Structures are given as structure tokens and as C-alpha cells.
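Everything on this sheet refers to the single structure shown next.
Protein chains: 2
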Amino acid sequence: MLKELSERKKRILHALVDLYISTGLPVSSADIQSKYLPEVSSATIRAELSALEALGYIEQPHTSAGRVPLKDAYKFYVDSIDGSNASNMLTDQETAFIRDNFFGRLGQIEDLSKEAAKIISDVTNYTSFVVDQSQGENVVIDEIKLIPLKRGKAVVLIVTDKGMIADKAIDVKEDVKSEYIDAAGRLLNKVFAGKTIEDIKHFDVSEIDAEIKGFKDIFDEVLGILRMYISEHSSDNVFVEGALKMLDYPEYQNIDDAKQFLSVISDKDAVSEIILDDDNSIEFTVRIGKEDSGVDKCAIITAAYKVGDEVQGKAGVIGPERMDYKKVISVLDYVKKMFSSVLGRDKLPDPFDDEE
Amino acid sequence: MLKELSERKKRILHALVDLYISTGLPVSSADIQSKYLPEVSSATIRAELSALEALGYIEQPHTSAGRVPLKDAYKFYVDSIDGSNASNMLTDQETAFIRDNFFGRLGQIEDLSKEAAKIISDVTNYTSFVVDQSQGENVVIDEIKLIPLKRGKAVVLIVTDKGMIADKAIDVKEDVKSEYIDAAGRLLNKVFAGKTIEDIKHFDVSEIDAEIKGFKDIFDEVLGILRMYISEHSSDNVFVEGALKMLDYPEYQNIDDAKQFLSVISDKDAVSEIILDDDNSIEFTVRIGKEDSGVDKCAIITAAYKVGDEVQGKAGVIGPERMDYKKVISVLDYVKKMFSSVLGRDKLPDPFDDEE
DNA sequence: TTTAGCACTCTAACCCTTTGACTGCTAACA
DNA sequence: TGTTAGCAGTCAAAGGGTTAGAGTGCTAAA
Chain B
1 MLKELSERKK
11 RILHALVDLY
21 ISTGLPVSSA
31 DIQSKYLPEV
41 SSATIRAELS
51 ALEALGYIEQ
61 PHTSAGRVPL
71 KDAYKFYVDS
81 IDGSNASNML
91 TDQETAFIRD
101 NFFGRLGQIE
111 DLSKEAAKII
121 SDVTNYTSFV
131 VDQSQGENVV
141 IDEIKLIPLK
151 RGKAVVLIVT
161 DKGMIADKAI
171 DVKEDVKSEY
181 IDAAGRLLNK
191 VFAGKTIEDI
201 KHFDVSEIDA
211 EIKGFKDIFD
221 EVLGILRMYI
231 SEHSSDNVFV
241 EGALKMLDYP
251 EYQNIDDAKQ
261 FLSVISDKDA
271 VSEIILDDDN
281 SIEFTVRIGK
291 EDSGVDKCAI
301 ITAAYKVGDE
311 VQGKAGVIGP
321 ERMDYKKVIS
331 VLDYVKKMFS
341 SVLGRDKLPD
351 PFDDEE
Chain F
1001 MLKELSERKK
1011 RILHALVDLY
1021 ISTGLPVSSA
1031 DIQSKYLPEV
1041 SSATIRAELS
1051 ALEALGYIEQ
1061 PHTSAGRVPL
1071 KDAYKFYVDS
1081 IDGSNASNML
1091 TDQETAFIRD
1101 NFFGRLGQIE
1111 DLSKEAAKII
1121 SDVTNYTSFV
1131 VDQSQGENVV
1141 IDEIKLIPLK
1151 RGKAVVLIVT
1161 DKGMIADKAI
1171 DVKEDVKSEY
1181 IDAAGRLLNK
1191 VFAGKTIEDI
1201 KHFDVSEIDA
1211 EIKGFKDIFD
1221 EVLGILRMYI
1231 SEHSSDNVFV
1241 EGALKMLDYP
1251 EYQNIDDAKQ
1261 FLSVISDKDA
1271 VSEIILDDDN
1281 SIEFTVRIGK
1291 EDSGVDKCAI
1301 ITAAYKVGDE
1311 VQGKAGVIGP
1321 ERMDYKKVIS
1331 VLDYVKKMFS
1341 SVLGRDKLPD
1351 PFDDEE
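In order, the protein sequence lines correspond to chains B and F. 1 is the number of the first residue of the first sequence in my numbering; add one for each residue after it. 1001 is the number of the first residue of the second sequence in my numbering; add one for each residue after it.
Next comes the structure, spelled out in C-alpha cells:
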């Protein structure tokens, strides 16, 4: 199906997508001729367009209209940029903006993900998302801290190799001694430290039943917190920004489409399903017009960010099919580097101060 | 301005608002006559409508159209229900739904607020909000805990009389001794314990400059966390549900209005500003067509929920002016009771089990 | 193979007319 | 004096016809 096109056909197809991306209007042979191929006549281009239409790359909304790209045309277009030097599409201001915002935020992976989503949306003007997968099932519990407060409360801190995953206040009996809490803490560490989330899932309480007798209440609370984390965490690590920006594009001037889009995008489970269902090993994914997801008429560009060889999460953009792919890919590429840099303390191309 | 209307004018005005609420279309004299006042002719009603128009209650979109209610008409309409027995508007299913959902959730005030917002939106089919004010500026800091972790990190816990307000990981130098952390903790408590959030706002660092010398880094981090809390917390306790439901109403079929509405409603600061700027002492507020807030064309109904005499927060609905006021007021009234009941452990009209 | 020229097609915009839903007014009536 | 029936007047919305113009496909010549 993807038969090799002649060089001129390629140029024409590329020009057509380019024009359509910037205007959103059907592209005529004259447009292409005047702005991209002045050396041939519009009649020639018309003939080529006819051929491209027969090949299924483009179509006419009606007989006397220009051509509009179809999925294959976008795919062709995306392929033609992916290989090239994407990141120099960004202006110096833009890279500076991204970098400054990225390093302005220290700290938690959550803040970082959220910030990244905001940055991507700000720079591209499309809806963006970040799914953080770093806190997955192979997070190892380093330590559990039990800190007694006043009034019969205590705080449980669960510290992992990737940071903190939970901090909840629980009730303990008002009159409990601090030695008791300490003992409970030691027991909890004995039981949980070194285990992964995956381990906890299949955890069998009866095995250690005898030991925990005296600390049943506290033990159950902690187990409850861990279980909660396992069941709820999947939606906690999805960050969507700029959902309303989609309404600026003519594709979404129809209120029903807009509503459909917004309701999908504000459902974090749905978002994470859409994002995560493609192959983890591919660094860039571009999907155009995904019908079954509830966000048809959309293109989704995803980049996996890694530390070393391990995928830590995905960041991406969701926008109209007619999207500024070059820019989006450039931005995602740069953000990807930022992520690797911050998370893995790699060297960055630009000099900056960040001590470990 | 609120001159007393004749009984017939009242009936006609009430009928007109009723009809307009259910259809959303301008109401003609014949509509009112056939469905509400068959004993007089449409001509008579026309004469009355003319009078009501002169009084500023209603208007015609254009000469040959029916009448549409203006703000005063809605106010009149709302007044006419507020006094009556509002809560029997709800079906048994509805009260059961509210009650079950309310008590199904135990626990944190945040979960409760969020759940309440969801319930209100589900039952009324409008956008709802809950603002929790129980964690205001007179929260007293009980204690600050500094807990050292591995790898040069430490956790700061700020405990208040109302619960925990912050728990952030901070960096400390890798080689710092635990005595140092303890000392820093003692200093922090000396400085902050017993103070309110309000106090912190006007806190003058220079006063205690000498003492904190050795702990400057940690001290600054904690102060940063507190400042962050002060500046950001106002948006943490605003819960909005069902924002997209507004798009179902014909008033918001225009994409620009919809966008305007959504952008206001998804900005929590803006929401809390809109909600909180009216008098705290009034238990029910109905505002119709608030121009300056960015959500004109909307009516906002707010109920303050209390424990004892103290306002704990506000819950409400934001919807088209043409809103089912009776139902909304009934729902809010019932939710109000639920809140008082759960938070204050009052007695409820219905029997249910809730042990202290 | 490319090009210029031309006839053809189809949408979008515009204007004009018609329709029908209301009202306001008036004259008659209780 | 208040109410009503009847009727003329008004206006928005819908329908229909025309025009303008943007673009194409085709053809014949270069």
C-alpha cells in the first residue's frame, strides 16, 4: 500500500499537508503552486493531485473544492519530519522557557509531571498529558515511619526508593505509649521493608498472624493505606493540561464534539488507557484519528521518557489531526531530554547547575 | 421598587417563570392562559404582561415574541418557594440516594466535600461546588516534625489542630547528623508552634535571625512550605463537579460562552472568589446573573453549612438563570442537614446508625 | 510531458418572500 | 370599570432563487 511516491508527488503532498495545517482549509492546486512549486504550473499539480487522490492520500470535500489530507497523508508527513533534526524547530525563547520552568521546580515527581504537562501545553497550544509510570509495581518500600502526634493520632509515612508514596493520619488509641508505637514501627518495617508493591498485592496476612497480634489495629491501617495506593494510584499519576485549548480550533466549534472530547479528557482512567495502550518500547508514537477511543478527529503524539533503558512515563499532546507536528515533536523531544536529565542526572546539552 | 403585585399578577408572573424554566422559550399570553389561567382570556393576560413589563419583571426579545423573565422575576419566583416547605420536593429515592452516599463515605473532610459536590451535581444535574472553610486562617500550628530519611532527605510534617496541612520532602545535606535535625526541629517548634496561619503571614524573619543562623537552610525550606500553603491552600478546598453538564443546556450551546464558563469554573481561585464573597451569615443565597464574575447568564445558589453556629463551608449549584430552583433549594437544604449531622453528630430527622 | 485556456460544478453569500407566532389596540360587552 | 373578541401590525425564522467565485477536469497545443 505504501508504494514509493515520485519525488514531485512527495513535495506536493508535503506542501499540501503543510498548508492545510496552517490554514485548516482545503488546499487548491494554485496554493501549492504559488507557495511551494512555482516552477511547474497549477495544471501539472492538478494532475498530480488527481493521482494522489487515487492513491488514497487526499480527498475533495466536494467537486469544486481543494484537497484535504487523509490519514495516510499525515502519516507520510510525520514520517518525513521524525527522522530529521526535530529540535531545532524551537526558538531560543522556547527552549529557554522549557528549561527554566523545568528546573525552577525542584522536587517531587508529581510536581514535575504536572509542570511538564503545563509546559508542553503552553508551548504547543494543544492539550497535553503526562502519565507517570515510575511509581509502578516494582517500587521498593524502603522504610515505614510511624510518627505519634497528639490526641491519639499518628502519621504513617511510607518511603520508597522513588520517594514517598503515602502519608496518612491514622487513629491510635489515645493512651498508647510511645514505646508501643516504636515497636509497631519496627514490626511494620520487618514485614514490609524491601518488598515491592507487586509483593504487597499477593501478601498473605495469615503468615505472620502471630507476630502482629498486639498491633493488629495499626497493622490493618497500614495495609489499608497500601491497598488504597495500589487501587487508586493508577489515576493519580495522570496529568492533563490545557483541555480547553482544544475549543479554540475550528474542528471543535461543534458543541457536541467539544463535550465528547472534554468528557474523555477529564476522565483520567480513560486518558491513561488511551495513552498507555501502545507499545512501550517505541519512543515516539503518532496516532491519527483513533476512532475507538472517543477522541476521533484527534491526533495523539506520545513520547516515552526514560532513565537509562527504563521507561519512566509518557508525555504527549492531543490535538486536531491538522496539528503542527513539527513543533509538537520538537517540544516533546526536548521535554524528553529534560526528564531524563532531571530524573537520571544525565548531562544536558546546555550547561546548568544541579548537584547530586 | 418591590411594590406589591396584585394576586393575579403574581399568579401570571409565577406561571411565566414556571413555563420558561421548563421550556426555555419565550412565553406567550396564550401559553399562560391555556395552562395556568383558563378562567381569563389571553387578552387579559396580555394586558397584565404589559404591566409586568413596565414594572421591569419581564421583557420581550423582540416585538412579536413572548415574554422572558428578568432578574426580578426570578427573585420573585425564588422568594415564593424559599418560605414554603422546600424539602418535600425530593422523592424518596432522591433523599435515600443522598443519605446513602453521604454515609457510605466515612472520613476526611476533603473526601466528604468532594462526595457532597458529586451528589449535588448528580441529583440536580447542574454544576455544583463545595468550598470547605473549616481549614481557614485561624488554624493553629500544633507541632512541626522533622523526620530524617535516607539519602539526605527529610520530611517536614506540619501538624495543626485541624489535622495535617503539609508534608513535603526536603533536601538536607547528606552528612548531617540526626542531632542536628533534632535541634532544628526544636527550633522550628519554638518559632512556629502555637502560631496561626494568619500570624505566619506577617511573620518577620529578622526578629529571630540570630537563632536560626545554623539552621538557615532547613528554616527557609519550612517557611517556604508554609508560604506555599498560605498562597495555594485557598484552591485546595474547592471542589467542583459536573462542570460539563452546563453544556447540555441551550444557554451554553454557543462555544464561546461555554468556553468562558468552563475556564472560570475550572479555575478554583475564581470559583472560591465567586462563592465566598457574599455574606457569611446568610444561610441561603441566590444570585442571578452576576455580571462581573465571568459567569453571567448564570444563577448561583449557595448554602452555608454549619456546625453549631460556625460556618464550616459552602455548598451550591451554578446553572442557567432558568434553573429548577425548587429542586436545587431542596437538595441543598437536605445536604446542609447531612453536613451538620456528619460533622457535628447532630440528630437527623431520619433514623440511621452512626456511632460516635 | 507540460501548459494555457475554457467549460463546468458546487458552495457560500445574499436578498427577497412567505409563514406563523405574537402582540397591541379598539370596540363591544357585562 | 374591567374583560373579551377580533383584527391589524410586527418581526424572526425559514425557504427559495440568484449570483459570485473558487477550483476542478478536460482538451488541444507546445
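Backbone N, C-alpha and C define an ideal beta-carbon position, used for all residues, glycine too. Quick caveat: nothing in here was measured; it's all calculated off a predicted structure.
Query, Result
"Leaving out the 5 sequence neighbours to the left and right, which residues in its chain are closer than 7 Å to residue 283 of chain B when beta-carbon positions are compared?", "303, 304"
"Beta-carbon within less than 6 Å of residue 119 of chain B's beta-carbon, same chain only, minus the 5 sequence neighbours each way: which residues are those?", "98, 101"
"Could one say the Cβ of residue 1372 of chain F lies closer than 8 Å to chain B's Cβ atoms, at least one of them?", "The displayed coordinates of chain F run from 1001 to 1356. Any statement about residue 1372 of chain F would go beyond what the structure contains."
"Under a three-way DSSP split, which group does residue 315 of chain B fall into?", "strand"
"Where does residue 1099 of chain F fall in DSSP's three states?", "helix"
"Select from B:184, B:95, B:62 the residue whose C-alpha is nearest the C-alpha of residue 147 of chain B.", "B:184"
"Mark residue 1253 of chain F as exposed unless 16 or more other C-beta atoms lie within 10 angstroms of its C-beta, in which case mark it buried.", "exposed"
"At what residues does the beta strand (DSSP E) containing residue 239 of chain B begin and finish?", "238-241"
"Just tell me which of B:21, B:217, B:239 has its CA closest to the CA of residue 112 of chain B.", "B:239"
"Under 8 Å, do residue 299 of chain B and residue 288 of chain B count as touching if we go by C-beta distance?", "yes"
"Within the 8 Å Cβ cut-off, does residue 176 of chain B reach chain F?", "no"
"Please decide whether residue 93 of chain B counts as near chain F, where near means a Cβ-Cβ distance under 8 Å.", "no"
"The beta strand (DSSP E) with residue 284 of chain B in it runs from where to where?", "284-288"
"Looking only at DSSP bridge pairs, what is residue 1059 of chain F linked to?", "F:1068"
"Return the bridge partner residues of residue 299 of chain B from the DSSP annotation.", "B:288, B:319"
"Under the assumption that residue 193 of chain B contacts residue 273 of chain B (Cβ atoms under 8 Å), give the Cβ distance between them as a whole number of angstroms.", "That pair is no contact at about 33 Å."
"Check each candidate in B:322, B:241, B:139 and name the one with the smallest Cα separation from residue 315 of chain B.", "B:241"
"CA-CA distance, residue 1012 of chain F and residue 1045 of chain F?", "8 Å"
"For the beta strand (DSSP E) holding residue 155 of chain B, just list the boundary residues, first then last.", "153-160"
"Could you check whether the Cβ of residue 1159 of chain F sits closer than 8 Å to any Cβ belonging to chain B?", "yes"
"So if I threshold CB-CB distances at 7 Å, which residues from the segment 251-263 of chain B count as touching chain F?", "253, 255, 258, 259, 262, 263"
"Which term fits residue 1064 of chain F, buried or exposed, when burial requires 16 or more other beta carbons within 10 angstroms of its beta carbon?", "exposed"
"Does the separation of the CB atoms of residue 1019 of chain F and residue 1032 of chain F fall below 8 Å?", "yes"
"Let me know the secondary structure DSSP gives residue 1176 of chain F once reduced to three states.", "coil"
"Rounded to whole angstroms, how far is the Cβ of residue 1340 of chain F from the Cβ of residue 1307 of chain F, which I believe are closer than 8 Å?", "6 Å"
"Thinking C-beta only, is residue 251 of chain B closer than 8 Å to residue 326 of chain B?", "no"
"Going by DSSP, what residue range makes up the alpha helix (DSSP H) through residue 261 of chain B?", "255-265"
"Please classify residue 186 of chain B as buried or exposed, where buried requires at least 16 other C-beta atoms within 10 Å of its C-beta.", "exposed"
"Check whether chain B comes within 8 Å of residue 1265 of chain F, counting only Cβ atoms and requiring the distance to be less than that.", "no"
"Tell me which same chain residues have a C-beta within less than 8 Å of the C-beta of residue 1009 of chain F, skipping the five on either side of it?", "1048, 1051, 1052"
"So is residue 138 of chain B buried or exposed if we call it buried at 16+ other beta carbons inside 10 Å?", "exposed"
"Buried or exposed, going by whether 16 or more other CB atoms sit within 10 Å of the CB of residue 66 of chain B?", "buried"
"In the DSSP assignment, find the unbroken alpha helix (DSSP H) run with residue 50 of chain B in it and report its ends.", "42-54"
"Measure from the C-beta of residue 1155 of chain F to each C-beta in chain B and report whether the shortest distance is under 8 Å.", "yes"
"Taking residue 1029 of chain F as part of the alpha helix (DSSP H), name the residues at either end of that continuous run.", "1029-1035"
"Rounded to whole angstroms, what's the CA-CA distance from residue 1259 of chain F to residue 123 of chain B? Just pull it up for me.", "20 Å"
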